[in-house]
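>
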Amino acid sequence: MLGAASNTLYEEESETEMDSMESHGSVVTHLLSQVKIGMDLTKVALPTFILERRSLLEMYADYFTHPNQFVSIADMSTPKDRMVQVVRWYLCSFHAGRKSGVAKKPYNPILGEIFRCHWDIPNDAIDSSNDTKLVVGGPVPWCKENQLSFIAEQVSHHPPISAFYAEHYAKKISFGAHVWTKSKFLGLSIGVHNVGKGWVNVLQHGEEYVLTFPNGYGRSILTVPWIELGGTATIHCTQTGYHAAVEFLTKPFYGGKRNRITCQITQPGDKKPFVVINGEWSGAMEAKWSDGRTEIFADVKELYTQRKLVKPVCEQEEHESRKVWRDVTVGLRINDMEKATAAKCAIEQKQRDEARNRKENNINWQTKLFKETKDGSWVYVKPLADRLHSCSNQSATT
71 MLGAASNTLY EEESETEMDS MESHGSVVTH LLSQVKIGMD LTKVALPTFI LERRSLLEMY
131 ADYFTHPNQF VSIADMSTPK DRMVQVVRWY LCSFHAGRKS GVAKKPYNPI LGEIFRCHWD
191 IPNDAIDSSN DTKLVVGGPV PWCKENQLSF IAEQVSHHPP ISAFYAEHYA KKISFGAHVW
251 TKSKFLGLSI GVHNVGKGWV NVLQHGEEYV LTFPNGYGRS ILTVPWIELG GTATIHCTQT
311 GYHAAVEFLT KPFYGGKRNR ITCQITQPGD KKPFVVINGE WSGAMEAKWS DGRTEIFADV
371 KELYTQRKLV KPVCEQEEHE SRKVWRDVTV GLRINDMEKA TAAKCAIEQK QRDEARNRKE
431 NNINWQTKLF KETKDGSWVY VKPLADRLHS CSNQSATT
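Written as structure tokens, this is what we have:
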């Protein structure tokens with residue numbers, strides 16, 4: 071039996087937790103005295119109370135909280151419309167990945183950790199005959215053809231690389247990505263550089279949209295920290311020539327609004343954009359088209375949030391995220407930092423022991439679900455495109 075992610079251990083942060091962050095100010099001040107501006111924070115032991123109750127792998131899954139925005143890309147009839155919908159889904163995903171207004175740090179996934187889940191699609195218009203048909207060979211064995219499935223694996227520890235993959239079988243659309251996070255201390259804030267890329271594959275049209283990610287910043291770390299995004303990201307489709315440039319604008323020191331974005335989408339052969347999008351990735355965004363039309367492009371506060379479906383922890387494998395971190399999560403939930411810290415230290419010590427054993431015995435780590443390509447990308451071993459191609463070849467020979 072599958073459980074929706076409604077377990078109280080994983081509910082969103084409460085206001086009391088915001089207060090508790092401020093109450094630890096002296097601990098944060100002591101931590102900051104141990105680091106220097108520009109220092110890489112990858113190996114710095116951060117206090118347990120700044121952790122949020124989910125792994126980084128689960129956080130990446132939460133970017134699909136509006137699954138209908140993603141799968142509807144495949145429904146668009148023209149390359150132009152599909153590009154616009156890719157941008158809409160992309161811009162709406164960042165708000166979905168945040169669990170609260172407080173900037174807390176997800177658990178660093180252990181090497182080999184995996185997370186899998188799936189979503190129902192709201193108001194799905196697909197033929198109901200698909201309701202009970204399971205996807206053969208997919209990333210989530212119990213997922214149906216009209217559901218969106220997701221799987222992630224921590225494929226490297228040094229550097230820390232996460233790879234993840236999502237697909238909707240009936241719509242013939244998939245997404246793959248790998249991200250390596252590099253954190254630096256910037257004085258009164260922490261900067262996170264997201265190295266990597268993602269790609270949306272719309273298989274029925276043979277299109278691939280390659281995208282990059284903005285940087286993240288944890289601001290006001292001495293009081294109630296908050297997250298903002300900054301920098302330029304791009305989305306490009308080589309097959310059609312459509313291109314989008316997204317600028318994530320950081321808030322000025324005095325005045326100004328948080329979470330502002332501006333995006334320009336151009337069509338092949340044109341330097342002038344056919345649409346410019348402005349607004350807030352955490353709220354409403356407005357589109358101004360080249361013909362003079364102006365309309366609301368998206369308002370994330372109006373979007374329905376679809377809960378991801380996750381197997382109960384008792385049914386998960388040993389390396390699945392919620393099972394790995396369950397004792398830490400319990401400690402954080404009941405505000406027992408001693409319990410949470412002890413559980414976290416035990417996980418980290420086990421990882422060190424296993425790494426030492428592999429080194430002493432000349433054993434190389436082998437990933438299970440993703441493989442590295444010649445250009446350094448990490449791709450899912452059984453993507454939908456390959457499985458459909460294999461089925462097509464089998465049909466042709468029978």
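Taking the numbering used here, the leading residue of the sequence shown gets 71, the next gets one more, and so forth. Glycine included, C-beta positions come from ideal geometry on N, C-alpha and C.
Could you name each continuous alpha helix (DSSP H) segment of 4 residues or more that falls completely within the segment 294-320, going from the start of the chain to the end?
none
> Can you give the Cα-Cα distance for W395 and A222, rounded to whole angstroms?
16 angstroms
> Using the C-alpha atoms, what's the distance from L273 back to A455?
Near 7 angstroms, if we compare the C-alpha coordinates of L273 and A455.
> Starting from the C-beta of V449, find all residues in its chain whose C-beta is less than 7 angstroms away, skip the five residues before and the five after it, and write them out in chain order.
G246, F440, K441, T443
> Taking just the CA atoms, how far does E372 sit from R168?
16 angstroms
> Quick one: what does DSSP say R422 is sitting in, helix, strand or coil?
helix
> Three Cβ pairs or more, each shorter than 8 angstroms: is that satisfied between the segment 260-276 and the segment 143-152?
Yes: the two stretches touch, three or more of their Cβ pairs being nearer than 8 angstroms.
> Tell me whether A354 sits in a helix, a strand or coil according to DSSP, three-state version.
strand
> Compute the distance between the beta-carbons of G311 and P343, then report whether it is under 8 angstroms.
no
> Taking the Cβ atom as the reference point for each residue, do F220 and H188 lie within a distance shorter than 8 angstroms?
Annotated as proximal: F220 and H188, with beta-carbon spacing under 8 angstroms.
> Contact defined as beta carbons within less than 8 angstroms: I believe A236 pairs with S244. What is the distance between those atoms, to the nearest angstrom?
7 angstroms
> Ordered along the chain, which non-local residues of its own chain (more than five positions away) have a Cβ less than 6 angstroms from that of H306?
V280, H313
> With R330 as the anchor, note down where its beta strand (DSSP E) starts and where it stops.
First-last of the beta strand (DSSP E) with R330: 330-336.
> For the alpha helix (DSSP H) containing D132, list its first residue and its last residue.
Note, D132: alpha helix (DSSP H), 126-132.
> Determine whether the beta carbon atoms of K175 and E122 lie at a separation below 8 angstroms.
yes
> Select from F318, A233, G288, L319 the residue whose C-alpha is nearest the C-alpha of P453.
A233
> Are the CB atoms of V14 and H238 nearer to each other than 8 angstroms?
The first residue shown for the chain is 71 and the last is 468, placing residue 14 beyond what the model contains.
> With which residues is Y324 paired in a DSSP beta bridge?
DSSP lists no beta-bridge partner residue for Y324.
> Could you check how far apart the C-beta atoms of H165 and W351 are, in whole angstroms? I think they sit under 8 angstroms.
6 angstroms
> Excluding five sequence neighbours on each side, which residues of the same chain lie with their C-beta closer than 8 angstroms to the C-beta of T364?
Once the five neighbours on either side are set aside, the close Cβ partners of T364 are E356, A357, K358.
> What are the boundary residues of the beta strand (DSSP E) that H263 is part of?
260-272
> Mapping the DSSP letters down to three states, classify C461 as helix, strand or coil.
helix
> Could you tell me which of G301, P211, I191 sits nearest to F318, measuring between CA atoms?
G301
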